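Below is one structure, written out as structure tokens, with a few remarks after it.
Residue numbers (full-length UniProt numbering): 1 to 233.
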């Protein structure tokens, strides 16, 4: 855990954020009751409030804020949204930690050079980056779970630096190009397309096989040690 704290300055923000495709947002023109119903179903604490999509963010709101808004005469949640903090995706995880401290916010949206929202980060995501775990922290949800045969079941969103540390890899394919930050990004960069289930990529003495896709996102990857090359007799 201490090692992960020191390495926050080396971790790109994109490696710990919730990617845009997984961001759940609430419609600014929706009623408080409808928004509460959606919030209960998705079980997050904070939500971006948008008008039409993430291209038009009007603020953010918590479940507690939705409950408080029940007593208001204005039934649309856009009127109850709080200002949102935006940071560039070029920030490091350590710089993000400082942003949370200075701005006293519970959710930050990450934008690219064009101002487009690419994801969001909460203090809980930073905690996961430090502890090296995901969500509930149970073994089944760890970044990497080692199986009895020595192979590893990896989460596609596992940071590339964490992958190198876990599997004792010195260098990953195309690492010097700066094209990716996660295991899924590595597979996309090497193959040049969205790999299908069963496709493999070799690198660092390991073979990485796509096990599961969640829509257009690489969800699970199996890493196995590459067998040594056969020497001629």
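Cβ coordinates follow ideal geometry from the N, Cα and C atoms, glycine included. These numbers come from a predicted model, not from an experiment.
Requested in this report: Ignore the nearest five residues each way along the sequence and tell me which others in residue 83's own chain have a CB closer than 7 Å to its CB.
Outcome: Excluding residues up to 5 positions away in sequence, 59 lie with their Cβ nearer than 7 Å to the Cβ of residue 83 in the same chain.
**Report entry** Rounded Cβ spacing between residue 168 and residue 180 (contact assumed at less than 8 Å)
**Finding:** 20 Å between Cβ atoms; not a contact.
Report task. With a 10 Å radius around its C-beta and 16 neighbouring C-beta atoms as the bar for buried, classify residue 162 as buried or exposed. Result -> Buried is the call here.
Query raised in the report: Would a C-beta distance cut-off of 8 Å place residue 218 and residue 172 closer than the cut-off?
Result: No, these two residues do not count as a Cβ contact at 8 Å.
Query - Expected contact under 8 Å - CB spacing of residue 85 and residue 110 to nearest Å - result: In fact, because the Cβ distance is near 10 Å, the residues do not count as touching under 8 Å.
Report task. Can you say whether residue 156 is buried or exposed, counting buried as having 16 or more other CB atoms within 10 angstroms of its CB? Result -> Buried.
Requested in this report: Using three-state DSSP, classify residue 170 as helix, strand or coil.
Outcome: DSSP, reduced to helix, strand and coil, places residue 170 outside both helices and strands of the structure shown, so it counts as coil.
Query raised in the report: From which residue to which residue does the beta strand (DSSP E) around residue 23 run?
Result: Boundaries cannot be given for residue 23, as no beta strand (DSSP E) includes it and DSSP labels it neither H nor E.
Requested in this report: List the endpoints of the continuous alpha helix (DSSP H) containing residue 119.
Outcome: Careful: residue 119 lies outside any alpha helix (DSSP H), inside the beta strand (DSSP E) at 117 to 121.
Query - Simplified DSSP state of residue 197, which is helix, strand or coil - result: It is coil, neither helix nor strand.
Query raised in the report: Rounded C-beta distance between residue 211 and residue 197? I'm assuming under 8 Å.
Result: The pair is a contact, with the Cβ atoms about 7 Å apart (cut-off 8 Å).
Requested in this report: Give the DSSP-derived three-state secondary structure of residue 53 in the structure shown.
Outcome: DSSP places residue 53 in the coil class of the three-state scheme, outside both helix and strand.
Query - 8 Å Cβ cutoff met for residue 35 and residue 26 - result: Cβ atoms of residue 35 and residue 26: closer than 8 Å.
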